[in-house]
Amino acid sequence: MYNTSTIAAIIGAQQTQGDEREIRHLLFDSRRVQHPASSLFFALKTAHSNGHRYLAEACRKGVRAFVVSEDVALEGATVIQVEDTLAALQQLAAYHRSQFAFPVVGITGSNGKTVVKEWLAQLLEEDYSLVRSPKSFNSQIGVPLSVWEMGPQHTLGIFEAGISTRGEMERLQKIIQPTIGLLTNIGDAHSEGFGSRGEKLQEKLILFRAAQIVIGEKKWLQALAQPTFAWSYEPGADVWVQSIKATAGRTRIVVNVEGKIEDIDIPFIDEASVQNAITCLSFLLYLKKDIAAYRQRFLQLHPVDMRLQLRHAINSCLLVNDSYSADLTSLTIALHFLSEQSSGRKRTVILSDFQETGRNEDDLYGTIAHLLQANGIQKVVAIGNVAGTHLASKLSPSIGLETFSTTEQFMEQFRSSQFAGEIILLKGARKAGFERIAALFEQKLHGTVLQINLSALAHNLRQYQRVL
0 MYNTSTIAAI
10 IGAQQTQGDE
20 REIRHLLFDS
30 RRVQHPASSL
40 FFALKTAHSN
50 GHRYLAEACR
60 KGVRAFVVSE
70 DVALEGATVI
80 QVEDTLAALQ
90 QLAAYHRSQF
100 AFPVVGITGS
110 NGKTVVKEWL
120 AQLLEEDYSL
130 VRSPKSFNSQ
140 IGVPLSVWEM
150 GPQHTLGIFE
160 AGISTRGEME
170 RLQKIIQPTI
180 GLLTNIGDAH
190 SEGFGSRGEK
200 LQEKLILFRA
210 AQIVIGEKKW
220 LQALAQPTFA
230 WSYEPGADVW
240 VQSIKATAGR
250 TRIVVNVEGK
260 IEDIDIPFID
270 EASVQNAITC
280 LSFLLYLKKD
290 IAAYRQRFLQ
300 LHPVDMRLQL
310 RHAINSCLLV
320 NDSYSADLTS
330 LTIALHFLSE
340 QSSGRKRTVI
350 LSDFQETGRN
360 EDDLYGTIAH
370 LLQANGIQKV
380 VAIGNVAGTH
390 LASKLSPSIG
400 LETFSTTEQF
410 MEQFRSSQFA
420 GEIILLKGAR
430 KAGFERIAAL
440 FEQKLHGTVL
450 QINLSALAHN
460 LRQYQRVL
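So that you can map any letter, position 49 of the sequence shown is 48 in numbering that gives the first Met the number 0, and since no number is skipped, the others follow by simple counting.
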């Protein structure tokens, strides 16, 4: 936790006015206020917007600490004035990053950054307390907000960096400060505003300037001065990909590492997924992990869709399926999406035990309860003994709470009549198997559609029989 005077010193404030305040959260969008009393609002200027226009709105929602670059008058607020608010946000994030010594993975490339980051999280979530970029937060704004989430409870950070022009990676490198670099691939130069592929490669490699090791395909790492751990389809690399064979919707990848053969299966057959899996495998091999312990995890990798989507479900319900992660950052994003899409519907959340390893459970579920209440959730279904126990004592009595020990118990007791005309968020850790709950909602919907269609078909057939 930081106070406003410390933050003002870190970002080189020109002047500060107002009371001292403690800050836990950073904010730049007045529509996404979740913790007003402990948030610091940055009035960012972009090509299409000026955050100073939304100061009054943020103030009305309870925010009382602001970083600005224009002269403003906000009664009762703490105002920190700087020359450039984006630079101040990045400087604060870079300072925060420097306070932690655990390994940090920085990922860049033309394609596959988000997939590799999410797949590494799926593969490693049982072994580390992870902090990572939410969704595809890899921009000049998204990266500092992601890095700000680092905390003493974490043991591994995974952040992605995306750029659109020269000069941007320099700033992202100072924020992420990766100890391990991962390069996915280098695509067409013109797709990202660079004159040549070599020019784009050099810009992306800036991210790894101070990294202890860089992992990626050998042909892209030749120009690097620091140590590399490279994979290739040809002999001579640290990881030699000897064979790739696709059958029945899955691909077997066989590699040779110093004469030792390792193999994995993934549930994909497309070339991009294969390359992303090889990058993840190379990372595990660099860490000297026992690959046998990860084979089942590779086989359970799921497609990465970074856009939250609404689906029609039973009894005129809408379903938001975000059932492959359970952490506070992604919960905050999902609840905001739920609120935006509710259109007057009752808001329901089905969630599992959360995996914020190293964080005090009482504090964790207190924060979750606050988020649920702040977003107007009216019904909560907690699946897992930990979530159910804590939320029973922390949720407002106005929020209906049902608890189940396991996903199986919920499914056994499920009745479609319990859900009608509401918007439902599924938010669970991968091992909770919430995809089965999603299928239950959607299968029942499909069953209804099929029955109606068959009835109509029978009616049409009878009509034709009368004519004939």
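From the three backbone atoms N, C-alpha and C, an ideal C-beta is built for every residue, glycine too.
What is the DSSP secondary structure of residue i, counted as helix, strand or coil?
| i | result |
| --- | --- |
| ALA188 | Because the pLDDT at ALA188 is just 45, under 50, the model does not fix this residue reliably, and the value given afterwards should be weighed accordingly. The answer is helix: DSSP assigns ALA188 an H, G or I state. |
| ASP304 | coil |
| TYR1 | strand |
| ARG249 | strand |
| ILE22 | strand |
| THR406 | helix |
| THR84 | helix |
| HIS311 | strand |
| ALA7 | helix |
| GLN16 | strand |
| THR388 | helix |
| LYS393 | helix |
| GLU74 | coil |
| VAL142 | helix |
| ILE376 | coil |
| LEU334 | helix |
| GLN412 | helix |
| SER454 | For SER454, the predicted model reports a pLDDT of 44, less than 50, meaning its position is unreliable; a value from the coordinates is still stated below. Three-state result, SER454: helix. |
| HIS445 | With a pLDDT of 49 at HIS445, under the threshold of 50, the predicted position of this residue should be treated as unreliable, though the coordinate-derived value follows. In the structure shown, HIS445 sits in a helix (DSSP, three-state: H, G or I). |
For the alpha helix (DSSP H) that residue i lies in, which residues bound it at each end?
| i | result |
| --- | --- |
| ASN275 | 270-285 |
| TRP118 | 112-123 |
| GLU69 | Where GLU69 is concerned, there is no enclosing alpha helix (DSSP H), given that its DSSP letter is neither H nor E. |
| GLN372 | 360-373 |
| ALA57 | 54-59 |
| ASN197 | Sequence check: residue 197 is Gly here, not Asn. Residues 196-204. |
| LEU223 | It is not in any alpha helix (DSSP H) - LEU223 carries neither H nor E in the DSSP assignment. |
| GLN172 | 167-175 |
Sort out for me which residues DSSP pairs residue i with in a bridge.
| i | result |
| --- | --- |
| TRP147 | According to DSSP, which records beta bridges pairwise, TRP147 is partnered with nothing at all. |
| PHE230 | The residue you asked about is not Phe; residue 230 is Trp in the sequence shown. Per DSSP, GLU216 and VAL238. |
| ASP264 | ARG251 |
| PHE41 | VAL66 |
| LEU181 | ILE106 and ILE214 |
| ALA381 | LEU350 and THR402 |
| PHE158 | GLY105 |
| LYS259 | VAL256 |
| LYS244 | ARG251 |
| ARG131 | ILE157 |
| LEU425 | ASN320 and ILE349 |
| ILE79 | THR15 and VAL66 |
| ASN137 | ASN137 pairs with nothing; no bridge assigned. |
With residue i and residue j assumed to form a contact (beta carbons below 8 Å), what rounded beta-carbon distance in angstroms separates them?
| i | j | result |
| --- | --- | --- |
| ASP269 | ARG251 | The Cβ separation is near 15 Å, so there is no contact. |
| PRO133 | SER322 | No, PRO133 and SER322 are not in contact; Cβ-Cβ is about 16 Å, not under 8 Å. |
| LEU144 | GLN172 | About 17 Å; that fails the 8 Å criterion. |
| VAL103 | PHE193 | Between PHE193 and VAL103 the Cβ distance is about 26 Å, and since that is not below 8 Å, they are no contact. |
| SER351 | PHE433 | 7 Å |
| ALA333 | LYS426 | 6 Å |
| ALA76 | ARG63 | 5 Å |
| ARG31 | HIS369 | Between HIS369 and ARG31 the Cβ distance is about 15 Å, and since that is not below 8 Å, they are no contact. |
| GLN176 | ALA209 | 7 Å |
| ASN137 | GLY156 | Not really, about 14 Å apart at Cβ, beyond 8 Å. |
| ILE376 | ILE398 | 6 Å |
| SER37 | GLU21 | 6 Å |
| SER97 | GLU56 | The pair is not a contact, with the Cβ atoms about 33 Å apart (cut-off 8 Å). |
| LEU394 | VAL380 | About 12 Å separates the two Cβ atoms, so there is no contact after all. |
| ALA276 | PHE297 | 7 Å |
| GLY108 | THR183 | 3 Å |
| VAL319 | ILE422 | 7 Å |
| TRP147 | ALA92 | 5 Å |
| ALA373 | GLN13 | No, ALA373 and GLN13 are not in contact; Cβ-Cβ is about 33 Å, not under 8 Å. |
Could you pull the start and end residues of the beta strand (DSSP E) that residue i belongs to?
| i | result |
| --- | --- |
| ILE290 | Premise fails: ILE290 is in no beta strand (DSSP E) and is neither H nor E. |
Quick check: the segment 190-205 against the segment 224-238, are there 3 or more CB pairs under 8 Å? no
Determine, using beta-carbon pairs with one atom in the segment 3-22 and one in the segment 333-346, whether at least three such pairs fall under 8 Å. no
For the segment 312-321 against the segment 411-422, are there 3 or more C-beta pairs whose distance is under 8 Å? yes
How about the segment 49-64 and the segment 112-124: do they share at least three Cβ pairs that are nearer than 8 Å? no
Stretch-stretch touch, CB-based, cutoff 8 Å, three pairs: the segment 79-95 with the segment 236-250: no
Is the number of C-beta pairs between the segment 350-367 and the segment 382-397 that are closer than 8 Å three or more? yes
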